[in-house]
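Undergrad: Handing you this structure, nothing more for now.
Numbering (the UniProt record's numbering), first residue to last: 1 to 316.
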């Protein structure tokens with residue numbers, strides 16, 4: 001079981017990182033919205049086949065929830081993340097900004113949902129933000145965009161947080177596979193409509209573009225999301241939340257090998273600081289509760305990180 005868990009966790013980190021690499025690859029040939037439109041046209045076609053085969057019964061309330069999840073966690077989140085990469089922010093820096101999602105849910109959105117937040121979690125949040133600040137400073141020092149440009153992926157991160165909070169408040173009964181299929185169909189409509197309305201929908205001639213699209217659908221959506229479900233079953237939500245913090249360094253290494261994106265001293269320092277933030281959060285979670293389970297003592301509810309990821313169903 002330990003070997004299986006290790007393999008599943010390693011695979012998740014690698015495939016989740018593939019989303020940021022696919023964005024970096026695809027935006028070499030076209031704009032972010034064109035790339036996302038093609039990605040979700042293919043993913044939406046697969047989703048339609050899945051829904052036609054499964055014929056799930058989804059209530060109107062759950063359907064509305066999944067539509068809003070698509071808007072917030074895919075249209076807003078992925079749209080702004082890909083736009084940031086399209087405008088010069090490195091894949092690694094974007095991945096690090098995105099990896100703050102579980103920490104923000106646990107320490108900021110948690111109180112809004114009535115979940116207890118420890119002092120250790122607040123310290124972790126501050127350290128995590130400081131780590132991201134170091135990586136952003138490294139990117140700015142290397143001439144990768146203006147400071148205001150980093151508000152774009154941060155806006156995407158807030159969309160993902162909002163979608164996650166909404167899902168946890170509404171608690172839809174839709175299965176994960178059916179939810180992902182519905183969200184993919186909705187996103188296909190939204191991104192295609194946006195790309196068409198802004199005259200950004202094209203038919204690129206370069207084969208590399210379609211390689212990036214297939215990469216995103218199979219590796220980022222299929223591999224990343226599929227292994228997310230496997231890890232959730234094997235290890236629980238707390239462990240998979242921690243795995244997200246291994247995505248930025250993995251993405252940075254891939255970007256260095258594939259696109260020669262440099263990794264500066266500040267960026268390395270930022271990753272180490274974020275790693276320390278993860279350790280603080282994980283130690284606090286292990287003291288109070290099991291992986292993804294209820295607390296040992298106190299109110300009968302999980303803390304922020306132990307329940308964070310049920311709603312964050314979209315991979316990069």
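Glycine included, each C-beta is placed from N, C-alpha and C at the ideal position.
This one's a predicted model, so the numbers in the text were calculated from it and none came from an experiment.
1) Is residue 32 helix, strand or coil when you go by DSSP?
2) If we count the other Cβ atoms within 10 Å of its Cβ and call it buried at 16 or more, is residue 141 buried or exposed?
3) Compare the Cα-Cα distances from residue 250 to each of 158, 148 and 9 and report the closest residue.
4) With burial defined as no fewer than 16 other Cβ atoms inside 10 Å of the residue's Cβ, what is the status of residue 259: buried or exposed?
5) In whole angstroms, what is the alpha-carbon distance linking residue 215 and residue 82?
6) Assign residue 172 to one of two classes, buried (16 or more other C-beta atoms within 10 Å of its C-beta) or exposed (fewer than that).
7) Quick check on residue 199: does DSSP put it in helix, strand or coil?
8) Can you say whether residue 292 is buried or exposed, counting buried as having 16 or more other CB atoms within 10 angstroms of its CB?
9) Exposed or buried, which one is residue 7 when buried takes at least 16 other CB atoms within 10 Å?
10) Reducing DSSP to helix, strand and coil, say where residue 306 ends up.
11) Tell whether a beta-carbon distance below 8 Å holds between residue 192 and residue 43.
12) Does DSSP put residue 81 in a helix, a strand or coil?
13) If I'm right that residue 163 touches residue 73 with Cβ under 8 Å, what's the distance once you round it to whole angstroms?
14) Identify the continuous alpha helix (DSSP H) that holds residue 221 and give its terminal residues.
15) Looking only at its chain, what residues have a beta carbon closer than 7 Å to the beta carbon of residue 137, apart from the 5 residues adjacent to it on each side?
16) By the 10 Å Cβ neighbour count, where 16 or more other Cβ atoms means buried, how is residue 257 classified, buried or exposed?
17) Below 8 Å between beta carbons: does that hold for residue 149 and residue 84?
18) Report the start-end ranges of each alpha helix (DSSP H) in the stretch 48 to 106 that is 4 residues or longer and not cut off at the edges.
19) Between the alpha carbons of residue 234 and residue 156, how many angstroms are there, rounded?
20) Specify the secondary structure class of residue 261 as computed by DSSP and reduced to three states.
21) Using the beta-carbon count (16 or more within 10 Å), is residue 121 buried or exposed?
TA: On the basis of the coordinates in this document:
1) Translated into positions along the chain shown, residue 32 becomes position 32. It is helical.
2) As a working mapping, residue 141 is identified with position 141 in the chain shown. That one is exposed.
3) What you label residue 250 is simply residue 250 of the chain shown in a count that begins at 1. It is 9.
4) To locate residue 259, count along the chain shown from 1; it is residue 259. That one is exposed.
5) As a working note, residue 215 is residue 215 in the chain shown. As a working note, residue 82 is residue 82 in the chain shown. Approximately 15 Å, taken between the alpha carbons.
6) Residue numbering aside, residue 172 sits at position 172 when the chain shown is read from its first letter. Classification for residue 172: buried.
7) Here residue 199 is taken as the residue at index 199 of the chain shown, counted from 1. Residue 199 falls in the coil class under three-state DSSP.
8) Translated into the one-based positions of the chain shown, residue 292 becomes position 292. Any reading at residue 292 must be qualified, since the residue scores a pLDDT of 40, below 50, and its modelled position is unreliable; no value is offered.
9) Here residue 7 is taken as the residue at index 7 of the chain shown, counted from 1. Within a 10 Å sphere around the beta-carbon of residue 7 sit fewer than 16 other beta-carbons, which makes this residue exposed.
10) The residue labelled residue 306 in the question sits at position 306 within the chain shown. At residue 306 the pLDDT is 35, less than 50, meaning the model places this residue with poor confidence; the figure from the coordinates comes in the next sentence. In the structure shown, residue 306 sits in a helix (DSSP, three-state: H, G or I).
11) On the chain shown, position 192 is the one that residue 192 refers to. On the chain shown, position 43 is the one that residue 43 refers to. Taking 8 Å as the Cβ cut-off, residue 192 and residue 43 do not qualify as a contacting pair.
12) Looking up residue 81 in the chain shown gives position 81. Residue 81 falls in the helix class under three-state DSSP.
13) On the chain shown, position 163 is the one that residue 163 refers to. On the chain shown, position 73 is the one that residue 73 refers to. Contact annotation, residue 163 with residue 73: C-beta distance approximately 4 Å; criterion of less than 8 Å satisfied.
14) Counting from 1 along the chain shown, the entry for residue 221 is found at position 221. Counting along the chain, residue 221 falls outside any alpha helix (DSSP H), and DSSP gives it neither H nor E.
15) Against the chain shown, residue 137 aligns to sequence position 137. If we look at residue 137 and ignore the five residues flanking it on each side, its Cβ neighbours are 266.
16) Translated into the one-based positions of the chain shown, residue 257 becomes position 257. So residue 257 ends up on the exposed side.
17) Against the chain shown, residue 149 aligns to sequence position 149. Against the chain shown, residue 84 aligns to sequence position 84. Yes, they are a contact pair.
18) Those alpha helix (DSSP H) runs which fall completely within the stretch 48 to 106 and span 4+ residues are 60 to 70, 77 to 86, 91 to 98 and 101 to 104.
19) Along the chain shown, read from residue 1 onward, the residue named residue 234 stands at position 234. Along the chain shown, read from residue 1 onward, the residue named residue 156 stands at position 156. Near 29 Å, if we compare the C-alpha coordinates of residue 156 and residue 234.
20) Here residue 261 corresponds to residue number 261 of the chain shown, with the count starting at 1. Coil at residue 261, not helix or strand.
21) As a working mapping, residue 121 is identified with position 121 in the chain shown. With 16 or more Cβ atoms within 10 Å of its Cβ, residue 121 is classed as buried.
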